[in-house]
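Presented below is the structure to which this report refers.
There are 2 protein chains.
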Amino acid sequence: MQPDEFRRIGHEVIDWIADYRERVGDLPVRSQVEPGWVRSQLAPIPEQGEGFAGLLADLDRVVVPGTTHWQHPGFYAYFPSNASLPSVLGDLLSSGLGVQGMLWSTSPACTEVEQHLMDELVGAMGLPERFTGGGVIQDTASSAALVAMLAALHRGSDKWRQSGVDGDETVYVSSQTHSSIERAARLAGLGEESVRSIGVSPATLSMDVQALTDQIQSDVDSGRRPILVCATIGTTGTGAVDPVREIAEVCARHGIWLHVDAAWAGPAALCPEQRHLFDGLEHADSFCANAHKWMLTAFDLSLFWTAHPDVLVDALTILPEYLRNSATESGAVVDYRDWQIPLGRRFRALKLWSMLRWYGLEGVRAHLRGHVELAGLLESWVEADERWELVVPRSLSLVTLAHVDGDDATRAAMDAVNAEGSAFLTHTVVNGRFAIRVAIGAEATREHHVRAMWDALRSA
Amino acid sequence: MQPDEFRRIGHEVIDWIADYRERVGDLPVRSQVEPGWVRSQLAPIPEQGEGFAGLLADLDRVVVPGTTHWQHPGFYAYFPSNASLPSVLGDLLSSGLGVQGMLWSTSPACTEVEQHLMDELVGAMGLPERFTGGGVIQDTASSAALVAMLAALHRGSDKWRQSGVDGDETVYVSSQTHSSIERAARLAGLGEESVRSIGVSPATLSMDVQALTDQIQSDVDSGRRPILVCATIGTTGTGAVDPVREIAEVCARHGIWLHVDAAWAGPAALCPEQRHLFDGLEHADSFCANAHKWMLTAFDLSLFWTAHPDVLVDALTILPEYLRNSATESGAVVDYRDWQIPLGRRFRALKLWSMLRWYGLEGVRAHLRGHVELAGLLESWVEADERWELVVPRSLSLVTLAHVDGDDATRAAMDAVNAEGSAFLTHTVVNGRFAIRVAIGAEATREHHVRAMWDALRSA
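Residue numbers (the numbering used here), protein chains in the order written: chain A, 857 to 1316; chain B, 857 to 1316.
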């Protein structure tokens, strides 16, 4: 494809996306197709090139019906995955430049724009100063958790790089921590038995610090080696917030790496009125917040900071001959390949940069505050309805509710709303009780959407 | 940004990329900037949104001078990273749709288009039938190697998931294998001591199977547990090809997982005349080829197949309550989150699909064959010049050469060409000798570019 063809077809693609975004709210949120339908509609890869029109036609005919629409204003499932249009254009520029930023020298701008933004966000989010210079973009919070764990293992043992894990390492999560932490322990060779699941307060679902303290002491007494604690600010199930400051004190006593996972709630740190949720973060060893969830940035872009980039790099680096270069050897540059699982890397900072410049920090804050406000409205409506109740307190823009008649009624209402197509809700289980999660956060969601979803739930 | 604004600005962005691609050949391939220059040019994140013009201006003013141009026709460094324009548009569509395909149900099309293409490529590349149904897109070959290793560990021990690694596992590579395999062993908790680096034939740099056989036997005799052998088809240094069939026989005797890394050379399997390089692949347990290197697909998109998807999924799966859904529980669908390190995933198949439909299989073959032919020309020119010689035989489109006067002369010539700006070459070390790698593979590279680079090398 020559640049002039790209110019013409590219305009069509842009228009296709604009049209899609204009009409996405009229589509059923969840795809209605049966397993195998999409495949049944697809042609073999052609031997001869066929132009672009067929692909665009198949998008309309097959892909759109086969898609669950994460950008739909009625998407309240999981957590939002904002793919704001300026971030889409930033990502397009990244693909168009086609650079691969594994080393500083393979594209200095790819590295330095990222360093600049990650340092700027330390200030904008009120993060601890010790994270300055320690920021890097990861693909997802799962990968961020894994690299944090590897850094913790390396800090915990001089011989981890050479000899691997010992089998006496232990890792601490709460019963509400995201499954990616337990999975990271498995991938790192620790086994699931190394993971201690600490109980939570039944009222808030936040980690029980006394139970954590006791478990760590018990492990130390029996010769185990505590490596990492993961505290969460905004759990996936209900948005619970672990007491980071108290957890940090326990970690400090035992020299344990404290990773703070704020994959969803992290962007709220841009709003001074929410900073209290991040109390104690200055004692964390690493911190993760996903720009690709609630922060208007097209998937995938996870913001990760560590106070110990030297440890992280030392854990992950390897330098074969074919990657040697004078810039690296000068020590004057950062090579981000040593900060992540893959070797190669996209210029992801471009989609973050374009989003931040388009909206400005005030625009992003308005986006976050708007959803918190809508969730507050929903919360007030639930409280005013005697047939429904909040299962746990609202957390930012996440409302977790259930019908007073019990699990069957709650599930039936959720299923009815999901079947109707104008909203998509998912569930969790809280203290054994089935509950609906309403995660407000799509860019296009307005009060009338939330009102309609609530009316549908009540009448179901 | 509203759809109508996106339409207008999107057209400008498309035009910017078209202009960039039209002029990229006139820019110096390598960025000429000093460490820190890019950062020094960047403004703070604005408080108020500022539109898109400033970003585009900064691309011209800061990013382009700060970029090493991987799409430049004079890019012969590392391996190519083809970001063909139809794949750029496919990736744009992925961002525009903004779906997150962690589960089948979160976007059936994201999963099923990928399944379709991966199965189709089994046929198109002449891959073993046992890979059908076992294909998945990974971000990079490094991640592919890591998931292969985790699957191998799980297959090798019933208790790996629960108890982690034992410390007696061993992994086998050659001295020429990509560093990502040793790194994967470190990340998986095995430690570098678990990795046996097997010697190679000095003439071809392919793995010495007798040495491999002896090392495995010696390890087994001393109570170690061989887990994985990585064979490479097209090593990073020189494009060497390991004898997969013979290595597979050794693996079969000991029940060892055979991972075949063809990150760069893999797409050549689309050409029947190159299939001999893949002899024995039907005995491999997993196989990796990067579409984002030499196969016209914008980074990142690594093609990975395993003959044992059940083992892979069992190694990586974890199912918390908030991800439960009826489609998953029916068993009728694939949830690709269980096939990879991250949880979330982009609709990467779109950029592969758009590329394959635009060029057709014949177009991709023509791309590959054109580079092999250019490398053959360069090979003939080197052979005809008594001051230069091939250090190892040409491998596909990779030519590894050195000046007969020794390392200083070779390095000086490379540095002179790189400083001049119209070509970018990197190096390797072969049997202790400094050698220039000429990896031909940019989409725009033509004979006159290779000729000019060769003339520049000779006159340097």
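Every residue, glycine too, gets a C-beta built ideally from N, C-alpha and C.
| Query | Result |
| --- | --- |
| Beta carbon of Phe1155(A) nearer than 8 Å to that of Ser937(A) | yes |
| Exposure of Asp1070(B), with buried meaning 16 or more beta-carbon neighbours within 10 Å | exposed |
| Option nearest Ile1037(B) by Cα separation, candidates Ile1197(A), Glu1138(A) and Ala1308(A) | Ile1197(A) |
| Alpha carbon of Val1190(A) to alpha carbon of Leu977(A), nearest angstrom | 18 Å |
| C-beta contact flag for Leu1234(A) and Val1306(A) at 8 Å | yes |
| For Thr996(B), the three-state DSSP class (helix, strand or coil) | coil |
| Simplified DSSP assignment, three categories, for Arg1042(A) | helix |
| Segment contact flag, the segment 1008-1020 of chain B with the segment 980-996 of chain B, C-beta cutoff 8 Å, min 3 pairs | no |
| Boundaries of the alpha helix (DSSP H) in which Leu1257(A) is found, first to last residue | Not the alpha helix (DSSP H): Leu1257(A) falls in the beta strand (DSSP E), residues Leu1254 to His1259. |
| Span of the alpha helix (DSSP H) around Asn1274(B) | Asp1263 to Glu1276 |
| Near-chain A residues of the segment 1215-1233 of chain B - C-beta to any C-beta below 8 Å | Tyr1215, Gly1216, Leu1217, Glu1218 and Gly1219 |
| Counted within 10 angstroms of its Cβ, other Cβ atoms place Asn1274(A) as buried (16 or more) or exposed | buried |
| Three or more C-beta pairs below 8 Å linking the segment 897-913 of chain A and the segment 1165-1178 of chain A | no |
| Three-state class that DSSP yields for Trp1237(B) in the structure shown | helix |
| Reduced DSSP secondary structure (H/G/I, E/B, other) of Thr1284(B) | strand |
| Counted within 10 angstroms of its Cβ, other Cβ atoms place Asn1146(B) as buried (16 or more) or exposed | buried |
| For Asn1181(B), the nearest candidate out of Ala909(A), Tyr1192(A), Leu1281(A) and Arg1180(A) (CA to CA) | Leu1281(A) |
| CB contact check: Arg824(B) to chain A, cutoff 8 Å | Limits of chain B in this structure are 857 at one end and 1316 at the other, which puts residue 824(B) out of reach. |
| Short-range partners of chain A found in the segment 961-972 of chain B, where Cβ spacing is below 9 Å | Ser961, Thr962, Ser963, Pro964, Ala965, Cys966, Thr967, Glu968, Val969, Gln971 and His972 |
| Residues that Tyr1178(A) contacts on chain B, provided the C-beta gap is smaller than 8 Å | Tyr934, Thr1092, Gly1093, Thr1282, His1283, Thr1284 and Arg1293 |
| Beta-carbon separation (whole angstroms), Trp1209(B) vs Leu983(B), contact threshold 8 Å | In fact, because the Cβ distance is near 18 Å, the residues do not count as touching under 8 Å. |
| Alpha helix (DSSP H) segment containing Arg1307(B), residue limits | Glu1303 to Ser1315 |
| Same chain, Cβ closer than 7 Å to Met1317(B), five either side skipped, listed in chain order | This structure cannot settle anything about residue 1317(B), because the visible part of chain B is limited to 857 through 1316. |
| Neighbour flag for Leu1006(A) against chain B, beta carbons, 8 Å | yes |
| Distance cut-off 7 Å: Leu949(B) Cβ against heavy atoms of the ligand NAD | In the structure on display, the ligand NAD does not appear, and there are no ligands present to speak of. |
| Residue interval of the beta strand (DSSP E) (run including His925(A)) | It is not in any beta strand (DSSP E) - His925(A) carries neither H nor E in the DSSP assignment. |
| Beta bridge counterpart(s) of Gly991(A) as assigned by DSSP | Trp1161(A) |
| Cβ shell of Ala1298(B) (< 6 Å), same chain only, five flanking positions each side left out | Pro929, Phe931 and Pro936 |
| Cβ contact check for the segment 905-920 of chain B and the segment 1107-1121 of chain B: 3 or more pairs under 8 Å | no |
| Beta-carbon neighbours of His867(B), restricted to chain A and to distances below 7 Å | His867 and Ile870 |
| Test item: CB-CB of Ile1072(B) and Pro1082(B) under 8 Å | yes |
| Inter-residue spacing [alpha-carbon to alpha-carbon] between Leu1133(A) and Asp1141(A) | 17 Å |
| For Val1248(A), the three-state DSSP class (helix, strand or coil) | coil |
| Residues near Val1228(B) in its chain [Cβ-Cβ closer than 7 Å; skip 5 each side] | Leu1252 and Ser1253 |
| Contact with chain B by Ser940(A), beta-carbon distance below 8 Å | yes |
| Inter-residue Cα distance where the pair is Gly1079(B) and Gly1023(B) | 11 Å |
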